[in-house]
Amino acid sequence: MNDWIDYYDSTHTIYVSRAHRDEHFRLIADNIIGFISSPGAVVLDYACGEALFAAKVADACNKLILAEPAPGVRGRLVARFSPNIKIRVRALDELKYLDAGSIDLAVMISVAQYMTPKEFGDALVMMKRLLKPTGRLVVGDILDPNVGTLPDVMTLLRFASAQGFLKDALIGLIRTALSDYRTVRQKVGLQRYSEHDMLALLSAAGFVATRSQVNVGHNPSRMTFVARHAFDRMGDLAR
Ligand SMILES: C[S@@+](CC[C@H](N)C(=O)[O-])C[C@H]1O[C@@H](n2cnc3c(N)ncnc32)[C@H](O)[C@@H]1O
Numbered sequence: 001m002n003d004w005i006d007y008y009d010s011t012h013t014i015y016v017s018r019a020h021r022d023e024h025f026r027l028i029a030d031n032i033i034g035f036i037s038s039p040g041a042v043v044l045d046y047a048c049g050e051a052l053f054a055a056k057v058a059d060a061c062n063k064l065i066l067a068e069p070a071p072g073v074r075g076r077l078v079a080r081f082s083p084n085i086k087i088r089v090r091a092l093d094e095l096k097y098l099d100a101g102s103i104d105l106a107v108m109i110s111v112a113q114y115m116t117p118k119e120f121g122d123a124l125v126m127m128k129r130l131l132k133p134t135g136r137l138v139v140g141d142i143l144d145p146n147v148g149t150l151p152d153v154m155t156l157l158r159f160a161s162a163q164g165f166l167k168d169a170l171i172g173l174i175r176t177a178l179s180d181y182r183t184v185r186q187k188v189g190l191q192r193y194s195e196h197d198m199l200a201l202l203s204a205a206g207f208v209a210t211r212s213q214v215n216v217g218h219n220p221s222r223m224t225f226v227a228r229h230a231f232d233r234m235g236d237l238a239r
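So for the sequence shown, the numbering used here puts the first residue at 1; every next one is plus one.
Here it is, written out as structure tokens:
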């Protein structure tokens, strides 16, 4: 088991309050909906976390696959969404059983920083296999090696101020600084990729990609990339 997966399976303090957690997942759901191109789409949310507003995403597509590695989080997803016939909950390992070319939109938001470069590269190759030739992969909330943690803190405080939970945010920042987050971060760290690194990684996995002008989520100092299958000059899939 991976340290960050264990961390996300614990009662962590990443979301400083219920209001923060709800606003975060509402915004992520709205951002995902913005990438859905048709109501018939099959959507994969890779390492979706609690995905509190997944029902809203499912309303905008034909089928939503919520893939999550943390077993406790996954159990809550099953409990929350099993009545919704459009939503399937899967472990990441189970994604290899999905048919090639069966997904219209795959999203991977705020996940790459917790994966080793090998895990991330393998996940991109798997997404390439799963995506339809017309499908899109959205990789969001990428940490730039040139941007430190201060913008993350300022973004949280601005978001909290706008949403009315500034006091909780200040307390939450202190709690997080004293929590397992700090220990795990010191032990395994967070992966950061420049725009150039990301475009190269996506290209190596068989995609053509562009950086979005706007990041998904509420942190504008992080980056989002939208990728499609790379095609060769004959119009066939390049890989
Ligand atoms: C910050 S949460 C993001 C959740 C959701 N995508 C969102 O945007 O709110 C990080 C997610 O990455 C997952 N995760 C942590 N380490 C991972 C790893 N090595 N491989 C795949 N997923 C991982 C966690 O289980 C958690 O669901």
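Think of the CB as a built atom: it goes at the ideal place given N, C-alpha and C, for glycine as much as any other residue.
Setting aside the 5 residues that flank it on each side, V125 is surrounded in the same chain by A205, G206, each with a C-beta closer than 8 Å to its C-beta; the list follows chain order. Assigned with DSSP and collapsed to three states, L190 falls in coil, not helix or strand. With contacts defined as CB atoms closer than 8 Å, L130 and I103 qualify as a contacting pair. For I14, there is no enclosing beta strand (DSSP E), as DSSP marks it with neither H nor E.
DSSP, reduced to helix, strand and coil, places F159 within a helical segment of the structure shown.
Distance check between D22 and each of T116, V111, G217 places G217 closest, using alpha-carbon atoms only. Following the DSSP letters along the chain, one finds V125 inside the alpha helix (DSSP H) bounded by residues 117-130. Taking all protein chains shown into account, D45 has 16 or more neighbouring C-beta atoms within 10 Å of its C-beta and is therefore buried. In the DSSP annotation of this structure, D93 is not part of any alpha helix (DSSP H), being labelled neither H nor E. Within the same chain, and ignoring the five residues on either side of K187 in sequence, the residues whose Cβ sits closer than 7 Å to its Cβ are D3.
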